[in-house]
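Residue 204 in my numbering sits at position 3 of the sequence shown, with consecutive numbering throughout. First up is the structure itself, then whatever we jot down about it.
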Amino acid sequence: MRAGNTAAYVALVALQFAAMGLVSPDRAMARGPSDGCKVGPLKSNSELDDRVAACTILIDTSRSPKQLALALSYRAQSLLNQKKCDAGFADLMRAKDVSPSKKSSDYYDLHLWISYYWQHCKGDFDRGLEVLNEAAAIPRSITSGPTCSATKVITRRRLPTSTDRSP
């Protein structure tokens, strides 16, 4: 087995375990980096093919819309990195359609990648800016992103007035 096919092999093993009932596809997706369908720094350009293959497997076996949208988004990013713009754009639009929450940070990120497509693949900067404006208008819920644990609640103290003073 070639070293470049490691991610695809791991994904196939996860599917075998799912078929035997030892692990569900939902758990396989939750593991993140070990399944090969991921984004981030690359060790080599050949890793993009492995990521596309691993994401394709997860797309085909995905049970929830959230997992499907995330796998489509990750595959689209890999395809855009390979300069396969139209296939990447198709995945982004499908991910946008199936996304269960229109207020999540993942949905917002889809708009950023769609804007990337318009600007870097098509050279249409005006359309790219339109998509960024759409992203800016997305109402995001407080719970959709990371929370800050250092936030303090500040209470207002009522200042004394002249009627509060005793004679």
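No residue lacks a Cβ here, since even glycine has one placed at the ideal position from N, Cα and C.
Residue i: CB within 8 Å of a non-hydrogen atom of the ligand PLP
i: Ala337; result: With respect to small molecules bound, the structure shown includes none, and the ligand PLP cannot be examined in it.
Residue range of the unbroken alpha helix (DSSP H) whose run includes residue i
i: Ser265; result: Neither: Ser265 is in no alpha helix (DSSP H) and is coded neither H nor E.
i: Ser316; result: Ser306 to Tyr317
i: Gly241; result: No alpha helix (DSSP H) contains Gly241, which DSSP labels as neither H nor E.
i: Asn334; result: Phe326 to Ala337
Contact check, residue i vs residue j, beta carbons under 9 Å
i: Ser274; j: Ala296; result: yes
i: Ala254; j: Gly241; result: no
i: Arg276; j: Thr262; result: no
Nearest candidate by alpha-carbon position, reference residue i, set the options
i: Trp314; options: Leu280, Cys238, Pro242 and Ile260; result: Leu280
i: Gly324; options: Tyr309, Cys286, Asp307 and Asn334; result: Cys286
i: Trp319; options: Ile339, Leu293, Ser300 and Asp307; result: Leu293
i: Asn282; options: Pro266, Leu243, Ala255 and Leu269; result: Leu243
i: Lys304; options: Asp251, Cys238, Asn246 and Pro340; result: Pro340
i: Leu259; options: Ala272, Leu249, Ser306 and Gly241; result: Ala272
i: Leu269; options: Ala336, Lys284 and Val299; result: Val299
i: Pro301; options: Asp251, Lys267, Leu333 and Ala338; result: Lys267
i: Leu333; options: Lys284, Asp307 and His312; result: His312
i: Ile308; options: Phe326, Ala336 and Gln278; result: The sequence shown places Tyr at residue 308, not Ile. Looking at the Cα atoms, Ala336 is the closest of the given residues.
i: Lys239; options: Tyr317, Ser316 and Gln278; result: Gln278
i: Leu249; options: Ser306, Gly289 and Arg264; result: Gly289
i: Lys284; options: Cys322, Phe326 and Glu331; result: Cys322
Please go through the region 249-304 and give each complete alpha helix (DSSP H) segment of 4 or more residues, from N-terminal end onward. Runs of the alpha helix (DSSP H) lying entirely within the region 249-304 and spanning at least 4 residues, in chain order: 266-282 and 286-299.
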